[in-house]
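*Asks:* Please find one structure pasted underneath; my questions will follow.
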Amino acid sequence: MVRYLVCEWDEAELSWQRFRRDVIGATDPKAASVGSCRNVMLSMWQELGLSEAPGMPNNVVHASAGPLEGLKERAVWCGADVAADELAQQLFQAGLTRATLDMWLSDNPKVTLGGGTDKVFDLTEEMGAEAVVQLVRAQMGGAYEYAAAQAVF
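69 is the number of the first residue of the sequence shown in our numbering; add one for each residue after it.
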């Protein structure tokens, strides 16, 4: 069974990196911060009725790695309308086209963004939503081009 929560928080109070590290916990529950979800699940797995202790890769809890991946997962798991999403609206205002956002969300292509080249979800991992919007805004001066498996600003 899959159960999900859609979480929102003030990034001034809790960065995406701290959310993943301190609230969710490291991917390996044995390395997760004390009090994090994965740490608690590991310490209570029998009480919770799990058939085995959480470990790699079955660590019980998933969290999006960053805001773009979160947008994709809200669409997939929650049926969210991408065009109506607050982050998407901010990205459009920063100059990103709907076609580019759709391609990013469906393909997770390799892009050059902010001086780095990697898959777009990896480049924006653990960044706050505002930082992702600012990164896109800074890059939108150039033409966006998508060819084969690589997207380049």
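Backbone N, C-alpha and C define an ideal beta-carbon position, used for all residues, glycine too.
With DSSP collapsed to three states, give me the class of threonine 168.
*Replies:* In this structure, threonine 168 counts as helix in the three-state DSSP scheme.
*Asks:* Can you give me the start and stop residues for the alpha helix (DSSP H) that glycine 138 sits inside?
*Replies:* Here the alpha helix (DSSP H) through glycine 138 covers 135 to 146.
*Asks:* Using 8 Å as the threshold, is the C-beta distance between arginine 106 and alanine 162 below it?
*Replies:* Cβ distance not < 8 Å, so arginine 106 and alanine 162 don't count as in contact.
*Asks:* For methionine 195, count neighbouring C-beta atoms within 10 Å of its own C-beta (all shown protein chains included) and say buried if the count is 16 or more, exposed if not.
*Replies:* Counting Cβ neighbours within 10 Å, methionine 195 comes out buried, since at least 16 surround it.
*Asks:* Helix, strand or coil for leucine 82, going by three-state DSSP, please let me know.
*Replies:* Coil.
*Asks:* Is it true that the stretch 136 to 143 meets the stretch 172 to 184, where meeting means three or more beta-carbon pairs spaced less than 8 Å apart?
*Replies:* Yes, they touch.
*Asks:* Going straight from the alpha carbon of alanine 151 to that of valine 201, what length do you get?
*Replies:* Distance between the alpha carbons of alanine 151 and valine 201: 15 Å.
*Asks:* How would you call methionine 109, buried or exposed, if buried means at least 16 neighbouring beta carbons within 10 angstroms?
*Replies:* Label assigned to methionine 109: buried.
*Asks:* To the nearest angstrom, report how far apart glutamate 222 and alanine 100 are at their CA atoms.
*Replies:* Only positions 69 to 221 of the chain appear in this structure, which leaves residue 222 out of reach.
*Asks:* Count the other CB atoms, across all protein chains shown, that sit within 10 Å of the CB of valine 188; report buried if there are 16 or more and exposed otherwise.
*Replies:* Valine 188 should be labelled buried.
*Asks:* Using a Cβ-Cβ cutoff of less than 8 Å, which residues in the same chain neighbour glycine 134 once the five nearest sequence positions on both sides are dropped?
*Replies:* The residues are Trp84, Phe189, Thr192, Glu193, Glu194, Met195 and Val200.
*Asks:* Relative to the alpha-carbon of aspartate 96, which residue among Glu81, Ala148 and His130 has its alpha-carbon at the smallest distance?
*Replies:* With distances taken between Cα atoms, aspartate 96 lies closest to His130.
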